[in-house]
Amino acid sequence: SGGDDPAGGDAGGPEPGPTEGTVVAPLTGLEVPESEAESLKRPALVAKVDAAAAAMPQVGLAAADVTIEVRVEGIGRYMPAWHSSVPDEIGPIRSARTSDVDLLGLFVHPLFSYSGGNEGVRAALSEVDWFSDVGHDAVPDAYRRSERAAAPHNLMAGTGMLFDAATGEPPVALFTYEESGEESGGAGSSSTTPTASESVPSQGFGVDMGYLVQFSWDRDAGAWRRWVDGDAHTDPDGAQLAPTNVVVLQVEYVASAADPVSPEALSVGSGPVWVYTAGTVRSGTWERSDPLQPWELRGPGQEVIALEPGRTWVVLAGAPPVELPADQAVSLDESGAFFEVAQAGR
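Residue numbering for the sequence shown follows the working numbering, beginning at 5 and increasing consecutively.
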């Protein structure tokens with residue numbers, strides 16, 4: 005694989021697509037130097053990360069290739085997946101839910117970091133073989149309580165020890181990307197990309213996850229800035245989280261068999277999808293026939309909806325997103341009021 009070649013991308017000619025000397029990271033669609041190819045052979049690390057206000061700013065969240073946001077009891081929780089880059093520490097780590105079982109299958113055979121779970125959740129996790137358990141009970145020495153907040157909002161995990169503790173398999177592409185033509189692992193068979201007529205300009209949108217989630221398009225950054233309850237969602241350095249793509253899947257939430265007050269997201273099946281890329285939104289349908297398959301995202305004509313190479317945030321929403329009005333200032337200072345008005349008017 006030539007993984008030690010320090011020349012990186014200098015070895016190839018001006019051919020289209022990934023040049024010789026680079027490889028494509030499956031969860032971002034971005035080219036990385038061939039010198040880093042060896043690291044892409046590791047499994048993805050997936051964790052359950054606290055979304056409560058007391059947990060902010062989360063550690064390592066901005067570095068995730070893909071982050072899935074899913075509802076728990078009255079609030080959301082994050083399920084980031086790190087693969088092309090892995091921070092030294094992640095957290096705060098929280099407990100698993102039955103929604104996680106099928107979501108873990110998206111990443112082939114990842115490591116899964118979580119703080120624990122009730123008896124029913126543990127039983128559901130034990131019934132599948134598509135992840136390696138690096139939770140607190142399995143690898144207690146990898147976890148520590150930090151001074152940053154009170155428990156339970158302060159359990160941090162050291163990723164080096166997590167990777168030392170278990171093996172897995174690397175992920176494959178979850179999405180089709182505009183520039184590389186990388187096809188998802190699903191049954192889709194074309195590299196068709198959507199035409200401009202199928203995309204609508206978008207300033208941003210809001211989603212109710214038990215707190216108000218909003219993303220606003222930042223043309224200069226080429227990314228969607230993230231806001232929670234009207235405040236910028238930042239990392240510990242103060243930088244606002246801003247993924248390249250946001251995918252909103254409308255899913256059904258049912259009562260979990262492990263706890264009737266806990267919602268379980270049905271991420272296998274089908275439903276509406278809204279794909280936000282490059283200052284536009286494309287609507288269509290998502291379909292996933294099996295927990296070990298990715299979501300297929302298709303437009304009205306069954307064409308594949310492609311993403312821009314980069315980091316992606318996936319929201320598993322119970323209702324459609326509410327578009328930010330085209331003339332709305334992107335500062336989102338009045339974001340909460342806008343969202344309430346938009347919800348009432350739907």
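Where a beta carbon is used, it is the ideal one built from N, C-alpha and C, also for glycine.
Item, Value
"Top-ranked residue by Cα proximity to residue 313, from 33, 173, 63 and 215", "33"
"Reference residue 323; option with closest CA among 263, 261 and 217", "217"
"Beta-ladder partner(s) of residue 79, from DSSP", "In DSSP, residue 79 forms no bridge with anything."
"Cutoff 6 Å; reference residue 230; Cβ partners in own chain excluding five residues on either side", "219, 237 and 245"
"Helix, strand or coil at residue 47 according to DSSP, with G and I counted as helix", "coil"
"Run of the alpha helix (DSSP H) containing residue 163, from where it starts to where it stops", "163-169"
"Three-state secondary structure (DSSP) of residue 127", "helix"
"Among 315, 54, 287 and 79, the one whose alpha carbon lies nearest that of residue 308", "287"
"Inter-residue CB distance, residue 132 and residue 117 (contact presumed, cutoff 8 Å)", "That pair is no contact at about 16 Å."
"Identity of the residues DSSP links to residue 72 by a beta bridge", "83 and 318"
"Residue 214 versus 69, 80, 61 and 55, residue with shortest Cα-Cα distance", "80"
"Segment contact flag, the region 49-58 with the region 282-298, C-beta cutoff 8 Å, min 3 pairs", "no"
"Contact set for residue 321: own chain, Cβ-Cβ below 6 Å, skip 5 residues either direction", "211, 252 and 254"
"Alpha-carbon to alpha-carbon, residue 247 and residue 41", "23 Å"
"Run of the beta strand (DSSP E) containing residue 354, from where it starts to where it stops", "An answer regarding residue 354 cannot be provided, because it is not within the stretch 5 to 350 covered by the chain."
"Top-ranked residue by Cα proximity to residue 202, from 259, 310 and 274", "310"
"Residue 62 burial status per 10 Å Cβ neighbour count (16 or more: buried)", "buried"
"Member of 284, 175, 257 and 27 whose CA lies at the smallest distance from the CA of residue 228", "284"
"Backbone secondary structure at residue 144 - three-state DSSP", "helix"
"Residue 265, buried or exposed, once every other Cβ within 10 Å from all chains shown has been counted against 16", "exposed"
"Extent of the continuous beta strand (DSSP E) to which residue 253 belongs", "249-254"
"Option in 58, 105, 64 and 178 with minimal Cα separation from residue 239", "64"
"Residue 106 burial status per 10 Å Cβ neighbour count (16 or more: buried)", "buried"
"For residue 104, the three-state DSSP class (helix, strand or coil)", "helix"
"Where residue 209 falls: helix, strand or coil (DSSP)", "strand"
"Inter-residue Cα distance where the pair is residue 147 and residue 140", "7 Å"
"For residue 109, three-class secondary structure by DSSP", "helix"
"Of the listed residues 167, 100, 95 and 233, nearest to residue 160 (C-alpha basis)", "95"
"Sequence-distant residues of the same chain with beta carbon closer than 6 Å to residue 119, five excluded per side", "97, 98, 99, 140 and 159"
"Residue 261 versus residue 124 - alpha carbon distance", "7 Å"
"Backbone CA spacing between residue 223 and residue 154 [nearest angstrom]", "38 Å"
"Inter-residue Cα distance where the pair is residue 76 and residue 226", "31 Å"
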